[in-house]
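Peer 1: Structure in structure tokens, see below.
Residue numbers (my numbering): 23 to 358.
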């Protein structure tokens with residue numbers, strides 16, 4: 023496990039003496055599986071996601087909690103923004119720490135979530151009957167041992183008004199050996215259980231990850247993807263097209279491309295919204311509609327997610343609408 027500047031010498035001879043202040047503020051953690059993916063390509067798309075950068079300290083305008091999760095947290099470790107679903111943060115750590123994490127204010131810094139906090143969250147969900155879906159996140163839920171995770175799923179499954187369970191995770195990509203066949207078989211008991219995988223670049227997908235993903239799909243677990251739009255890593259149509267096609271062939275439904283949140287210490291990763299719109303224009307009509315995710319922005323202050331779309335409506339009147347298709351052709355539709 024790479025935790026210190028000294029540990030980085032195991033994957034590169036490059037000097038990183040200037041990043042110690044970054045690690046002091048935002049801890050570093052790179053799992054051996056990720057270190058193998060980096061493989062001395064320190065300017066590559068994987069390395070840039072996980073190796074600290076001095077620019078993390080040069081961001082005075084970013085916000086520690088850009089989505090105001092703390093203000094929408096009725097009990098610790100639980101965010102209730104939308105009436106029918108909650109995000110339950112059951113872990114505070116990950117196998118590797120993404121440098122662009124929107125929760126970098128606490129990931130890797132706080133102690134592990136304790137049983138009292140878990141029970142407080144479960145009691146809140148149990149008494150709030152509008153909640154139909156529970157999203158397990160963190161950190162990464164699969165950082166918990168099997169029994170702890172399954173106990174949480176079991177208690178949620180027994181709440182009558184909770185109809186859908188969802189897990190958000192990077193572990194099938196960053197630490198695939200954690201997802202054992204035994205665990206996959208046990209997850210069958212909690213359908214409808216969805217897993218959304220966080221993946222940002224085709225190079226993250228290894229043969230071991232593919233085996234885990236195929237096993238999850240074979241066990242009847244629907245898989246989706248979430249991708250963060252990152253400057254210099256995946257902010258071009260070709261890379262996004264490759265990634266979405268790769269996901270689709272592995273039975274992973276591309277779900278969201280996220281506009282970077284304005285999180286303190288991540289400004290160097292942020293792209294303009296226009297960049298994402300151009301990517302969506304390039305995807306639409308040039309690959310299967312099943313492979314085209316939604317491009318989403320999470321509004322500051324807890325305003326919630328909204329989709330961002332290219333402009334396909336040129337003009338409209340009571341009698342007709344004028345559209346622009348994926349080829350740029352203008353086509354008229356008459357209102358009957």
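Idealized CB from N, CA, C, for every residue including glycine. The structure presented is a predicted model; accordingly, all values stated were derived computationally and were not measured.
When DSSP builds the beta bridges, which residues end up paired with residue 246?
Peer 2: Counted from its first residue, the chain shown places residue 246 at position 224. Residue pairing by DSSP puts residue 246 in a beta bridge opposite 218, 275.
Peer 1: Mind pulling the alpha helix (DSSP H) runs of 4 or more residues that sit fully within the segment 55–114?
Peer 2: Counting only runs of 4 or more, we get 69–72.
Peer 1: Closer than 8 Å is the cut-off here; do at least three beta carbon pairs connect the segment 46–66 with the segment 201–212?
Peer 2: Contact between the segment 46–66 and the segment 201–212 is absent: fewer than 3 CB-CB pairs across the two stretches fall below 8 Å.
Peer 1: How about residue 191 and residue 163: are their beta carbons less than 8 Å apart?
Peer 2: For the purposes of this step, residue 191 is taken as residue 169 along the chain shown, with counting starting at 1. For the purposes of this step, residue 163 is taken as residue 141 along the chain shown, with counting starting at 1. It is a contact, given that the beta carbons lie within the stated cut-off.
Peer 1: In chain order, what residues of the same chain lie with their CB nearer than 8 Å to the CB of residue 185, ignoring the 5 residues before and after it?
Peer 2: As a working mapping, residue 185 is identified with position 163 in the chain shown. The answer, listed in chain order, is 154, 155, 214.
Peer 1: Smallest Cα separation from residue 46: which of 79, 356, 170?
Peer 2: Indexing the chain shown from 1 puts residue 46 at position 24. Out of 79, 356, 170, 79 has the C-alpha closest to the C-alpha of residue 46.
Peer 1: Within 10 angstroms of its Cβ, does residue 226 collect 16 or more other Cβ (buried), or is it exposed?
Peer 2: As a working note, residue 226 is residue 204 in the chain shown. With 16 or more other Cβ atoms within 10 Å, it is buried.
Peer 1: Please list the segments of the alpha helix (DSSP H) lying wholly inside the segment 161–224, counting only runs of 4 or more residues, in order along the chain.
Peer 2: 168–179, 193–196, 203–209
Peer 1: Give every residue of the same chain whose Cβ lies closer than 8 Å to the Cβ of residue 235, excluding the five residues on either side of it in the sequence, and list them in chain order.
Peer 2: For the purposes of this step, residue 235 is taken as residue 213 along the chain shown, with counting starting at 1. Only 194, 219, 245, 272, 273, 274 meet the Cβ criterion.
Peer 1: Going by C-alpha to C-alpha distance, which of 168, 169, 159, 198 sits closest to residue 187?
Peer 2: The residue labelled residue 187 in the question sits at position 165 within the chain shown. The shortest C-alpha to C-alpha distance from residue 187 to any of 168, 169, 159, 198 is the one to 159.
Peer 1: Could you have a look at residue 320 and say whether DSSP puts it in helix, strand or coil?
Peer 2: Position 298 of the chain shown holds residue 320. The answer is strand: DSSP assigns residue 320 an E or B state.
Peer 1: Among the residues of its own chain, which have a CB less than 7 Å from the CB of residue 146, if the five just before and after it don't count?
Peer 2: Counting from one through the chain shown, the residue named residue 146 turns up at place 124. These residues qualify, in order along the chain: 96, 97, 100.
Peer 1: Cutting at 8 Å between CB atoms, please list the residues of its own chain near residue 342, excluding the five before and the five after it.
Peer 2: Against the chain shown, residue 342 aligns to sequence position 320. So the qualifying residues of the chain are 354, 355, 356, 357.
Peer 1: Using CA atoms only, rank isn't needed, just tell me which of 319, 60, 304 is closest to residue 350.
Peer 2: For this step, residue 350 is matched to residue 328 along the chain shown. Among 319, 60, 304, the Cα nearest to that of residue 350 belongs to 304.
Peer 1: Using a Cβ-Cβ cut-off of 7 Å (strictly less than) and excluding sequence neighbours within five positions of residue 200, which residues of its own chain qualify?
Peer 2: Residue mapping note: residue 200 aligns to position 178 of the chain shown, counting from 1. Answer for residue 200: 164, 193, listed in chain order.
Peer 1: Are residue 288 and residue 119 closer than 8 Å when you measure CB to CB?
Peer 2: Here residue 288 corresponds to residue number 266 of the chain shown, with the count starting at 1. Here residue 119 corresponds to residue number 97 of the chain shown, with the count starting at 1. Contact flag unset, no.
Peer 1: Hey, out of 270, 321, 281, whose CA is closest to residue 311's CA?
Peer 2: Position 289 of the chain shown, counted from the first residue, corresponds to residue 311. In terms of Cα proximity to residue 311, the closest of 270, 321, 281 is 270.
Peer 1: What does the Cβ neighbour count give for residue 335, buried or exposed, with the cut at 16 atoms within 10 Å?
Peer 2: Here the question's residue 335 lines up with position 313 in the chain shown. So residue 335 counts as exposed.
Peer 1: Which of helix, strand or coil does DSSP assign to residue 266?
Peer 2: Residue mapping note: residue 266 aligns to position 244 of the chain shown, counting from 1. Note: residue 266 maps to helix in three-state DSSP.
Peer 1: Work out the CA separation of residue 309 and residue 348 for me, nearest whole Å.
Peer 2: Reading the chain shown from its first residue, position 326 is the one you call residue 348. Reading the chain shown from its first residue, position 287 is the one you call residue 309. The straight-line gap from Cα to Cα measures roughly 11 Å.
Peer 1: Give the DSSP-derived three-state secondary structure of residue 145 in the structure shown.
Peer 2: Here residue 145 refers to the residue found at position 123 when the chain shown is read from its first residue. Collapsing the DSSP output to three states places residue 145 in a helix.
Peer 1: Helix, strand or coil: how does DSSP classify residue 297 here?
Peer 2: Looking up residue 297 in the chain shown gives position 275. Three-state DSSP puts residue 297 in a helix.
Peer 1: Along the chain, where does the beta strand (DSSP E) containing residue 352 start, and where does it finish?
Peer 2: In the chain shown, counting from the first residue as 1, residue 352 sits at position 330. Residues 352–356.
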